[in-house]
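Quick note on the working numbering: the sequence shown kicks off at 692 and runs consecutively.
Note that beta-carbon positions come from the ideal geometry of N, C-alpha and C, so glycine has one too.
The structure presented is a predicted model; accordingly, all values stated were derived computationally and were not measured.
Below you'll find the structure, written out as structure tokens, and then a few comments.
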Amino acid sequence: MLIIDKSEVDFLVTEEMVPETRHILEKVFPLVDDILQTVDKSTIERIYFVACGSPLCACETAAMLADTYGHFCVKTFSAMDFVLNPPYVIDRHTLVVGVSDSGETQEVVQAVELARQRGAVTVAVTKTEESSLAKAGEYVAAYHAECIWIVHTLIGYHLVLHFLQETPELKQIKEELYELPGELERLLAEVEDEMEKWGERASKWDLIYTVSSGNLLPIGYKEGIITMLEFTWTHGCNLNASEFRHGPLEVVEENTNYVFFLGRDKTRPSAERALRFVEGLTDNVIVFDSKKFSDKFHPALDPFLIFVPLEYFYYYLSIYKGHNPDDRRYYGGLRPY
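Pasting the structure below:
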């Protein structure tokens, strides 16, 4: 185990999580509202989110709101795909939202510049007003925060909800977003010790398959690929539970390792089915069940709430491997890409 002061680890955002969630709800939501008030809602026919990595996963989570609860077109694009192979329709009826924490992700900046040239309404979602992305966008929502999974997903939800016709269910989701700080605070106080034990156990696994479904698919990729590979240097693969029987089940054996994310949306049975199959063949399974951690909110909030135990879990997985999750071999210009 690596002995380090966790308060000095940038990867771990547990200290900032609650105050920054309040900050987004109280300060940044009104900023986004001001932007949206200047845009004629009736002229916007679609939203395109362009981002990379974790921000893209947050955008995908927000887009699922429209797919599941509304009739409005919301699509997500990896920024490089958007630049190299842009969608056919980019016009004044398109709202293009570029998301990058640093605001210096080259392909996100290029995507927003391209969209603006095509006549789209463009919004830059980034940390500060001084970044290249902020300068590229017509409008800027600068959030001045560090906990990017919560930050980006909240802003994405707020943007999408603005364009969906309100229903009792969507009204519930909107209202419960404002209750997140208290529930996040409770989880932060309760789950760390158990997550350390889970992280220590998983640190002995050389390769981990992460299985999720529904609105936990994006965070399944975020954690099972981005966090595992970039931050913990652990080999991994991310799987859709609904596709598990179509190939992935063939590699399950006694020493295969799995982490399951179980949400509370309508796709839960597919994840439970895959889990039953896996548990019949191997004991190397860790299950993050949203019902275990918080089940009093609408299932649309699962991607926020499950993040607390996951943040601790992957931190401890990394340090029990003897690795500081802030360390890099190649990223950030250490090796040309």
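Secondary-structure assignment with DSSP links Asn-929 through a beta bridge to Thr-901.
Taking each of Gly-1024, Ala-811, Glu-821 in turn and checking the Cα distance to Thr-734, the smallest one comes out for Ala-811. Residues of the same chain with a CB within less than 7 Å of the CB of Glu-891, apart from the 5 flanking positions on each side, are Tyr-1007, Tyr-1011 in chain order. Per the Cβ contact rule, the stretch 718 to 728 is not in contact with the stretch 743 to 759 (fewer than 3 Cβ pairs under 8 Å). In its chain, beyond the 5 residues on either side, Phe-988, His-989, Leu-992 have a beta carbon closer than 7 Å to the beta carbon of Glu-867. Its chain contains Ser-904, Leu-908 as the residues whose beta carbon lies nearer than 7 Å to that of Asn-931, once the 5 sequence neighbours on both sides are disregarded; these appear in chain order.
Going by DSSP, Lys-766 is part of the beta strand (DSSP E) stretching over 764 to 769. Three or more Cβ pairs closer than 8 Å define a contact, and the stretch 778 to 796 falls short of that threshold against the stretch 863 to 879. Look at Asp-696 here: in three-state DSSP terms it is coil, with no helix or strand label. With a cutoff of 7 Å on beta-carbon distance, Glu-798 and Ala-827 are scored as not near each other. For Arg-737, the enclosing beta strand (DSSP E) begins and ends at 737 to 742.
In this structure the stretch 910 to 923 does not lie against the stretch 933 to 944, because fewer than three pairs of beta carbons, one per stretch, are closer than 8 Å. If you draw a straight line from the Cα of Gln-808 to the Cα of Ala-802, it is about 10 Å long. Sequence-distant partners of Glu-883 (beyond 5 residues in either direction) whose C-beta falls short of 7 Å from its own C-beta, in its chain, are Tyr-1003.
Here the stretch 845 to 855 makes contact with the stretch 743 to 753; the two share three or more CB pairs at distances below 8 Å. Spatial neighbours of Thr-858 in its own chain (CB-CB distance under 8 Å, excluding positions within 5 residues in sequence) are listed in chain order as Tyr-760.
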